[in-house]
Every structure is written in C-alpha cells, then in structure tokens.
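Below: the structure, in structure tokens.
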Amino acid sequence: MLKAKPKAISLVVPVYNEEKAIGRFLNRVQPVLEQTACLLGDDADYEIVFVNDGSQDATASLVAAIAERDNRVKLINLSRNFGKEAALAAGLQHANGDCVIPIDADLQDPPEIIPEMVSKWLAGAQVVNGVRNDRSADHWLKRSTASWFYRLYNRFAEIPIPENVGDFRLLDREVVDTLNEFPECSRVSKDLFSWVGFSSDTVEFRREARSAGTGKWKYWSLWNLAIDGFTASTTVPLRIWTYVGGFFALLSFAYAAYIVIKTLIFGVDTPGYASLITVMLFLGGLNLLSLGILGEYVGRISSEVRRRPLFIVQSKIGF
Ligand code: UDP
Ligand code: MG
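Here's what the structure looks like:
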C-alpha cells in the first residue's frame, strides 16, 4: 500500500540546556532531511520543531535566531522546565507533518537512519521504531537498569514495550492525532507509543555517545519515570497485596491456634517477647509497604483529577 501524497516530515526536538549541541545537530540533520524530502517528491517539505523545555542557557535565543532566518525551523518556548515527556507532548501537538519523528538534540539518535524510516513508512508502516542494537555508548549502570526495567515491565504490563526502543521513532499523522487526544498527565511516551498499536516496523541503529553537554536524566528521575510507567500500565502491584495479606493472615491464624493450644496444654511459659516483636515488626513493614504502593496509585489519581495542563507554552516562533 503506497501513501497517496506524503508532504511533510516533522522532527520534534525537546531541548533543555543544549546550547552546545544545537549547531552540530542542525548541521547533521538538515542535509539528511533535504535528501529525505527528495524521496517524497517535489512538493515535499520538512520542519524542525524545537521545544525549549525551560533552558537556562542560550538555547532559546540560539534557536530563535535560526528560526527567524529559516522558516523550516520552529521554536516553542515552555514557561519552565516541564521534563522531556511534557516537552515531547508539546512538540507532538504543534507538529504539522504527515509523519512526525521525535529525536534528541544530542545526536545520540543518528539522523542518518531517517530516510530508512521514511521509506518503511511509505511502504505502509504507521509506526517505525528505532531499535538500538548497540548501547555500548551508554553507561553500564544505565544499560543494566534499563534491561531490568523492561523485563519487569513486560512481565506485568498488558501491552509490552519493545526493548531498546527509545523515543526515536517515526509516527504517522493518524498515530500522532490519536496520541494528542490522550488526556493523561503523568505520561511515559514509550508506554503510550506502543499502547496505541497501529502497524509497525523497525529500523536498527547504533546508539552513539552524546555530541556535547551532559545527560539531563538523573538516576532519580529515571527511577520516577520507571514508577510512572509501571503504575500507568498495570495494577498488578496492588493485587499482590491481597495475596500477601491473605497468606500472612492465614499464617498468623495458624500460629495463634498453636499458641492457644500450647498454653492450654503446657500452661504459660516464657513471655515470648522475641517472637512477638519479630511478628509485629514484620507485619508493620508489610503494612507500610502496601500503603506506599496504594499511595502511588492514589497520588496518580489525584494528579489526574486536577487536570492541570501538561505544559504551558510561553511563546512560539515560526507557527
Ligand atoms: N530534555 C528535555 N527536558 C528535560 C531533560 C531533557 O527536553 O528535562 C531533552 C534533552 O535536551 C535532550 C533529550 O531530552 O534533547 C534527551 O535528554 P538526555 O540526552 O539528557 O537523555 P538520555 O540521552 O540520557 O536519554
Ligand atoms: Mg542523550
């Protein structure tokens, strides 16, 4: 099935303090996009939508200056740092292309595979996932925690997410429109991207090292992202406590029966302080843990019912 009239490709680039990376990024991406636009025919075009996620450095003014000169470069300034997920959502809502490709500004996702993605799209795939076949450029701790996360996640989640696929992928207009209608506030793009379905294909690439600047994801925020993704896609952690609670209730019941019978037969012996305190501490710990898990979900409910916007756009250039 060949698409009738593909016209424009949009790149969505969330940027947070990337002044050093922007120039390099555009130098490498623009020739690729020119070349890809040729693939699509004469009237094809592209746009690069930068979403400035509250950078404190010169990122905004740098992109703004380029956007004034080149109408294919666009800029959305968010009013503060909302995080990459929100920045990405802002970009998806503003992108006009027939297909949209979220990409990082640090060139860790090689733009050279974009033509391949686009040709798979032309061949009919509505989602083309970029699969990192080699992540040796990432820190080992990040690689191994990521691999554990995928394993655990895919075991419990209704819809598995493909391992080693980041946000770098091609999304058809229909998919983007669908994603834009999602009202949820705490979002993990990876999770949503695979949840929506549609026909998909993959392109492999090698994850490169950052071109400039430093990684913005601290381990703590990755951990939070993992919890968000997990609680957004499964309620298994809640159900576990029904079983754990049931098991220990049974156990305590049996133990109580044993104590009563023992007391009846042999009378009261030593006051049993050690066993009592152990059981108390253990059950207290379990209680707190299950309360915490409940709290995770309740917290999400409360942030969803507040219905605050995901991001606030302060200004736009090129739209
Ligand atoms: N980013 C963002 N807001 C943030 C953190 C990161 O827009 O709060 C952008 C960042 O500028 C980059 C992309 O998200 O273009 C990926 O960030 P990074 O390279 O730090 O993440 P990693 O490569 O480790 O996934
Ligand atoms: Mg990076």
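The opening position of the sequence shown corresponds to residue 0 in numbering that gives the first Met the number 0, with each subsequent residue numbered one higher. Note that the Cβ used here is the ideal one computed from N, Cα and C, for glycine as well.
Asked	Found
Classification of M0 by the beta-carbon crowding that lies within 10 angstroms, buried from 16 upward	In this prediction, M0 scores a pLDDT of 47, lower than 50, which makes its location untrustworthy; the coordinate-derived value is nonetheless stated afterwards. That one is exposed.
The ligand UDP heavy atom lying under 7 Å from the CB of A104	yes
8 Å contact criterion, which A43 and A7 should meet: CB distance rounded	7 Å
Length of the line joining the Cα atoms of W139 and I226	21 Å
Between the CA atoms of Y149 and R27 - distance to the nearest angstrom	31 Å
Cβ-heavy atom distance, G22 to the ligand MG, below 7 Å	no
The ligand MG heavy atom lying under 7 Å from the CB of R27	no
Pairwise C-alpha distance: R142 and K19	25 Å
Secondary structure of T234, DSSP reduced to three states	coil
Per DSSP, the bridge partner or partners of R131	F204
Alpha-carbon spacing of F81 relative to L249, whole angstroms	47 Å
Spatially closest choice to D166 from L263, A86 and I311, by CA coordinates	A86
Straight-line gap, S289 to N223 (C-alpha atoms, nearest Å)	18 Å
First and last residue of the uninterrupted alpha helix (DSSP H) at S193	S188 to W194
Where E17 sits in the DSSP three-state scheme	coil
Contact the segment 183-194 vs the segment 264-283: 3+ CB pairs below 8 Å	no
C-beta contact flag for V62 and L10 at 8 Å	no
Residue range of the unbroken beta strand (DSSP E) whose run includes V49	The identity of residue 49 in the sequence shown is Phe, whereas the question assumes Val. From DSSP, the beta strand (DSSP E) with F49 extends over D44 to N51.
Minimum C-alpha distance to S198 - residue among F281, I260 and A122	A122
Inter-residue Cα distance where the pair is C37 and E295	49 Å
Where P308 falls, given that 16 or more other Cβ within 10 Å makes a residue buried	exposed
Member of L170, E115 and V14 whose CA lies at the smallest distance from the CA of L32	E115
Among L170, V312, V259 and I239, the one whose alpha carbon lies nearest that of I285	With the sequence shown as reference, residue 285 is identified as Leu, and Ile is not the correct amino acid for it. Considering only alpha carbons, the answer is I239.
Nearest neighbour of V127, chosen from Q92, P109 and V164 [CA to CA]	V164
Within-8 Å CB hit, T233 to chain B	No chain B appears in this structure, which consists of one protein chain only.
Among R206, G214, G96 and P110, nearest to V174 - alpha-carbon criterion	G96
Complete beta strand (DSSP E) runs within the segment 137-173 (minimum length 3 residues, chain order)	164-171
Nearest neighbour of S171, chosen from S118, F281 and A59 [CA to CA]	Rather than Ser, the amino acid found at residue 171 in this sequence is Asp. It is S118.
R305 beta carbon near the ligand MG (any heavy atom closer than 7 Å)	no
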